[in-house]
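The sequence shown begins at 1 in the numbering used here and counts up one residue at a time. Don't be surprised by glycine CBs; every beta carbon is placed ideally from N, CA and C. Everything numeric in this text was worked out from a predicted model, so none of it was measured.
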Amino acid sequence: MFKMHQLVVGILLFLSSLFSCQQQKGDFKSMNVEEFDTYIQDEGVQRLDVRTLAEYSEGHIAKTLNINVLDDSFLTMADSLLQKDKPVALYCRSGKRSKKAAKILSEKGYKVFELDKGFNSWEAAKKEIER
Numbered sequence: 001m002f003k004m005h006q007l008v009v010g011i012l013l014f015l016s017s018l019f020s021c022q023q024q025k026g027d028f029k030s031m032n033v034e035e036f037d038t039y040i041q042d043e044g045v046q047r048l049d050v051r052t053l054a055e056y057s058e059g060h061i062a063k064t065l066n067i068n069v070l071d072d073s074f075l076t077m078a079d080s081l082l083q084k085d086k087p088v089a090l091y092c093r094s095g096k097r098s099k100k101a102a103k104i105l106s107e108k109g110y111k112v113f114e115l116d117k118g119f120n121s122w123e124a125a126k127k128e129i130e131r
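Pasting the structure below:
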């Protein structure tokens, strides 16, 4: 009887860890400008701008890749250009699209960090911009 109890407890622990892992999917961390700026100083962090090419061309954070989250091929392009074993720090103009992109990428197994109020907050903080 004791072995049966251990087996049941083991199975329940396994299933709960399985479901808790599934709940982790879709998780990402939102950061304010200062946290984001500090975080992207790490060369191992991939930088991603999810705005349109026109917005990106007007100014962006240095060393960022541009993939428009509203483009139907967003995930395909992201999968071909990003590495899943490195974190992704992303942003849009105000934070709405970046949250959408962060959800999409984190559900696909990327570790994602997003700039909470977007490029607007970066500019307002007078952070460096590349044109």
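(message) Could you tell me the alpha carbon to alpha carbon distance between L115 and S98, rounded to whole angstroms?
(response) Taking the first residue of the sequence shown as position 1, residue 115 is located at position 115. Taking the first residue of the sequence shown as position 1, residue 98 is located at position 98. Their Cα atoms are separated by approximately 8 Å.
(request) Taking the CB atoms as reference points, tell me whether A62 and E107 lie closer together than 8 Å. (result) Indexing the sequence shown from 1 puts residue 62 at position 62. Indexing the sequence shown from 1 puts residue 107 at position 107. No, they are not a contact pair.
(request) Taking 8 Å as the threshold, find out whether the segment 70–77 comes into contact with the segment 28–45 through three or more Cβ pairs. (result) no
(request) Taking C92 and R51 to be in contact with their CB atoms under 8 Å, please state how far apart those CB atoms are, rounded to whole angstroms. (result) Locating residue 92 in the sequence shown gives position 92, counting from the first residue. Locating residue 51 in the sequence shown gives position 51, counting from the first residue. Right, their Cβ atoms sit about 5 Å apart.
(request) Indicate the three-state DSSP secondary structure (helix, strand or coil) for Y39 in the structure shown. (result) Against the sequence shown, residue 39 aligns to sequence position 39. Three-state DSSP puts Y39 in a helix.
(request) Between the Cα of V112 and those of Q83, K126, W122 and F119, spot the shortest distance and give me the residue it belongs to. (result) Sequence index remark: in the sequence shown, residue 112 carries index 112 (1-based). Minimum Cα distance to V112 is reached at Q83.
(request) Run the CB neighbour count on G95, radius 10 Å, all protein chains shown included, and call it buried at 16 or more, exposed below. (result) Counting from one through the sequence shown, the residue named residue 95 turns up at place 95. That one is buried.
(request) Please classify Y139: does DSSP put it in a helix, a strand, or coil? (result) Residue 139 falls outside the range modelled here, since the chain spans only 1 to 131, and no answer is possible.
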